[in-house]
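J.: According to this note's numbering, the sequence shown is numbered sequentially starting from 1.
Ideal placement from N, C-alpha and C gives every residue a C-beta, glycine not left out.
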Amino acid sequence: MEKITFYKSSAVFKMKELKLIIADNISDLRKKKGITQAELAEKLNYTDKAVSKWERGESVPDIAVLKSIADLFGVSLDYLVSEYHEKENTKKTYDRTQKNNHIAITIISIFLVVLVATLLFVILNSSVSLDASFLAFIYAIPVAFIVWLVFNSLWFNRRRNFIIISLLMWTVLFAVYGTLLFCEINFWQLFLLGIPGQAIIICWSFIKSKVKAGSDYIKAKSAKKDNASSQKEMQP
Numbered sequence: 001m002e003k004i005t006f007y008k009s010s011a012v013f014k015m016k017e018l019k020l021i022i023a024d025n026i027s028d029l030r031k032k033k034g035i036t037q038a039e040l041a042e043k044l045n046y047t048d049k050a051v052s053k054w055e056r057g058e059s060v061p062d063i064a065v066l067k068s069i070a071d072l073f074g075v076s077l078d079y080l081v082s083e084y085h086e087k088e089n090t091k092k093t094y095d096r097t098q099k100n101n102h103i104a105i106t107i108i109s110i111f112l113v114v115l116v117a118t119l120l121f122v123i124l125n126s127s128v129s130l131d132a133s134f135l136a137f138i139y140a141i142p143v144a145f146i147v148w149l150v151f152n153s154l155w156f157n158r159r160r161n162f163i164i165i166s167l168l169m170w171t172v173l174f175a176v177y178g179t180l181l182f183c184e185i186n187f188w189q190l191f192l193l194g195i196p197g198q199a200i201i202i203c204w205s206f207i208k209s210k211v212k213a214g215s216d217y218i219k220a221k222s223a224k225k226d227n228a229s230s231q232k233e234m235q236p
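(1) May I ask you to report which of helix, strand or coil DSSP gives threonine 36?
(2) Return the chain-ordered list of same chain residues with a C-beta closer than 6 Å to the C-beta of leucine 180, the five sequence neighbours on each side being excluded.
(3) Rounding to the nearest angstrom, what Cα-Cα distance links glycine 34 and leucine 40 in this structure?
(4) Which same chain residues, not among the five before or five after serine 52, have their C-beta less than 7 Å away from its C-beta?
(5) Between alanine 140 and valine 114, which are expected to be in contact by the criterion C-beta below 8 Å, what is the C-beta distance as a whole number of angstroms?
(6) Who are the Cβ neighbours of glycine 178 in its own chain at under 7 Å, not counting the five residues just before and after it?
(7) Could you pull out every unbroken alpha helix (DSSP H) segment of at least 4 residues lying fully inside the stretch 145 to 197, listed in chain order?
(8) Verify the contact flag: asparagine 25, CB atom, against every heavy atom of the ligand ATP, threshold strictly below 7 Å.
(9) Would DSSP call aspartate 62 helix, strand or coil?
(10) Once DSSP output is grouped into helix, strand and coil, what is the label at valine 211?
(11) Run through DSSP, which three-state label would threonine 47 get?
(12) Counting Cβ pairs, one atom from each stretch, are 3 or more of them under 8 Å apart for the stretch 45 to 62 and the stretch 23 to 33?
(13) Take serine 133 as the anchor and find which of Val65, Trp148 and Leu120 has the nearest alpha-carbon.
(14) Quick one: what does DSSP say glutamate 83 is sitting in, helix, strand or coil?
(15) If you measure between the beta carbons of isoleucine 201 and serine 166, is that distance less than 8 Å?
(16) CA-CA distance, phenylalanine 174 and phenylalanine 191?
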């Protein structure tokens, strides 16, 4: 008798798990196709409430409806009842390729800055002194950091922005100092501005990380609460 009860409990658990897998797959496919629950219901001749129940895992469409859903989204029945799909491996490959492309674009953009600086050096060297033409390379350094900062903010880890902004500030000061030095003005005190500037950057980075950590904690807590509510609703 205990064995029968165990097998029944196991079967019920697997059925609930299967419901959730089918629910996630239907919801994911619908969203990727860009249609609403009502539009999907209309295509299947069902109500939007029925579709809502399917996506919440409260009920499962019969085999004929599952076949219609699979045909509608261009997938197999096995896809609808499987938790892991080949698409995940495809997505990982796509993400890796995209990341490599982003790195290549960033490096090429920085080299373009160096190329422009070289052209300016050649032009200035033919018209002014050699010392003045070297300023093209000096100013190319902060410009390269600006390019890096932009692409890092768009595609990469924004935590590196703290380092990039710090280097940008010091290279700007160095470029200005180099310009003044060319004019025979040795204003080394200019670098003292970097001390409060660096302190401001550190404080900004610290405050931003704390705000993000607080925001992530609130989101995680809210998601946990929603998940607990969903599980409670699914209990018989």
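T.: Short version:
(1) coil
(2) If the five residues before and after leucine 180 are omitted, its C-beta is found closer than 6 Å to the C-beta atoms of Phe187, all from its own chain and listed in chain order.
(3) So the alpha carbons of these two residues sit roughly 10 Å apart.
(4) Same-chain partners within the cutoff: Gln37.
(5) About 6 Å separates the CB atoms of alanine 140 and valine 114; that is less than 8 Å, so the two are in contact.
(6) Leu135 and Ile138
(7) 161 to 182
(8) As presented, the structure is devoid of all ligands, the ligand ATP included, so that no description of it is given.
(9) coil
(10) helix
(11) coil
(12) yes
(13) Selected option, being the one with the closest Cα: Leu120.
(14) coil
(15) yes
(16) Spanning the alpha carbons of phenylalanine 174 and phenylalanine 191 requires a straight line of approximately 8 Å.
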